[in-house]
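Mapping of the sequence shown onto our numbering: residues 776 to 963, in sequence order.
Note that the Cβ used here is the ideal one computed from N, Cα and C, for glycine as well.
This report concerns only the one structure given below.
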Amino acid sequence: MAPRIGGLRLVHEGWARYLVAEVMQDDGSRITREMEDHGRAVAVLPYDPVRRVATLVSQFRAPVLYSGGPPSHVEVPAGLLDDGAPEDEVRREAAEETGLRLGALDLVASAWTMPGISTERMDLFLAAYTESDRIGAGGGLAAEGEAVAVHEIPLLELVAMTQRGALTDMKSLLLLFALQLRRPELFA
């Protein structure tokens with residue numbers, strides 16, 4: 776018999792829910808596991824193949840600051856999946872955060888971000904854009920307390936950032952590596 780969840784206890788409910796699960800093991804023993812649950816998410820690396828740049832964002836991240844990192848760091852646009860399809864939601868997030876209108880999306884993966892603690896599964900995309908796709912300034916939604924800074928960074932500078940440890944966001948690293956594999960001519 777495979778392990779199964781025998782019961783759940785809600786510890787906190789807010790932006791995310793925190794649960795304690797009672798897990799029934801194969802041998803009949805019981806263990807508990809804490810879980811963070813806030814639903815599905817999306818992320819995209821928008822890149823301009825002509826100018827060989829990508830648009831990333833930075834904003835305050837309390838967990839990063841708490842664990843000894845900087846108050847903000849550079850990352851790809853991302854957000855929670857509301858009620859729409861992942862493709863629609865990632866386009867909405869990109870427009871809100873970066874001011875870019877994205878067209879065709881290239882799905883890289885639908886992956887669990889932290890399977891040991893979180894229920895979050897993230898759909899990760901690449902999206903080419905042109906200068907004419909800029910429809911606004913970006914910056915996020917003030918109503919959600921977002922103060923997003925928009926950064927257009929040359930692709931080769933992003934690679935250099937990974938080499939010196941300056942790009943520290945996992946989804947951003949994965950998407951940059953995927954772009955390098957799928958479009959190596961952009962890095963030549």
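(request) Grab me the residues of Ala953's own chain with a C-beta within less than 6 Å of its C-beta, minus the 5 sequence neighbours each way, in chain order. (result) These residues qualify, in order along the chain: Val883.
(request) Count the CB pairs spanning the segment 816-836 and the segment 886-906 that are closer than 8 Å, and state whether there are at least three. (result) Contact holds: three or more Cβ-Cβ distances are below 8 Å.
(message) Considering only the alpha carbon of each residue, which of Trp790, Ile780, Ala870 lies closest to Met799?
(response) With distances taken between CA atoms, Met799 lies nearest to Ile780 out of Trp790, Ile780, Ala870.
(request) Consult DSSP for Ala777 and reduce its assignment to one of helix, strand or coil. (result) Of the three classes helix, strand and coil, the one that applies to Ala777 here is coil, per DSSP.
(message) Cutting at 8 Å between CB atoms, please list the residues of its own chain near Leu783, excluding the five before and the five after it.
(response) So the qualifying residues of the chain are Leu794, Val795, Ala796, Glu797.
(message) Under 8 Å, with one C-beta from each stretch per pair, do the segment 938-950 and the segment 908-919 reach the 3-pair mark?
(response) Per the Cβ contact rule, the segment 938-950 is not in contact with the segment 908-919 (fewer than 3 Cβ pairs under 8 Å).
(request) Measure how close the beta-carbons of Arg827 and Leu949 come, nearest whole angstrom, since I'm counting them as under 8 Å. (result) That pair is no contact at about 20 Å.
(request) Please classify Ser907: does DSSP put it in a helix, a strand, or coil? (result) If DSSP states are grouped into helix, strand and coil, Ser907 belongs with the helices.
(message) I'd like to check one pair, Leu856 with Glu864: are the Cβ atoms closer than 7 Å?
(response) The criterion of a C-beta distance shorter than 7 Å is satisfied by Glu864 and Leu856.
(message) For the segment 829-847 against the segment 921-939, do three or more pairs of beta-carbon atoms, one drawn from each stretch, fall closer than 8 Å, so that the two count as touching?
(response) Judged by Cβ distances under 8 Å, the segment 829-847 makes contact with the segment 921-939, as three or more pairs qualify.
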